[in-house]
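Notes to accompany the following structure.
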Amino acid sequence: MTERSQRLDEPSVGAVLGPLGAEVMRVLWAGGDTALTSLIDQLSSKRRAPAYTTVTTILTRLRERGLVERSRVGREAVYRATVSEVELVEASSGRAVDDLIARYGASAMRHFAERLADVDPELQRQLIALSESRGRPGKAVD
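Using the working numbering, the first residue of the sequence shown is number 180, and each one after it goes up by one.
Next up, the structure:
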């Protein structure tokens, strides 16, 4: 699978980080190191201007989760993403699957297996190749 095909759509990113958190990360993913004032300006151009304190609270929470880093350039705070969007997708989806299996056990696994039978054969091949590239042998679902 390519990085582009693994990309989350906007509602999914928002489900993981919240709507403003998702917008903040998208700005950082697109721009690399970004000064706080520039970040707020970019967010303001996309929606109603968020309050400075709201943005700093979101950034603090993202830092606590290890998703962004802060540095200083002079007196300006500069932020950058520490994970790519694909890495965030991988970690979040892995946790979601682990949670489902922990809660529902064999029933969750049965539902996953049933859904795999409906997956396009080309996507099945891509998933098997991805699994094998990570050292996990795979077999197509018939």
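Note that the Cβ used here is the ideal one computed from N, Cα and C, for glycine as well. Just so you know, these numbers come straight off a predicted model, no measurement behind them.
- Proximity of the stretch 252 to 261 to the stretch 202 to 221 meets the contact definition, three or more beta-carbon pairs being nearer than 8 Å.
- Residue burial is scored here from C-beta neighbours: Glu269 has fewer than 16 other C-beta atoms within 10 angstroms and is therefore classed as exposed.
- Pairing Asp277 with Glu248, the inter-Cα distance amounts to about 27 Å.
- If you look at Ser263, you'll find it isn't in any beta strand (DSSP E); DSSP assigns it neither H nor E.
- The stretch 221 to 232 makes contact with the stretch 198 to 213: 3 or more CB pairs, one atom from each, lie closer than 8 Å.
- Along the length of the stretch 203 to 267, whole beta strand (DSSP E) runs at least 3 residues long occupy 247 to 252 and 255 to 260, reported in chain order.
- Shown here, Asp299 sits in coil according to DSSP, grouped into three states, outside any helix or strand.
- In the three-state DSSP reduction, Gly193 falls in the helix class (H, G or I).
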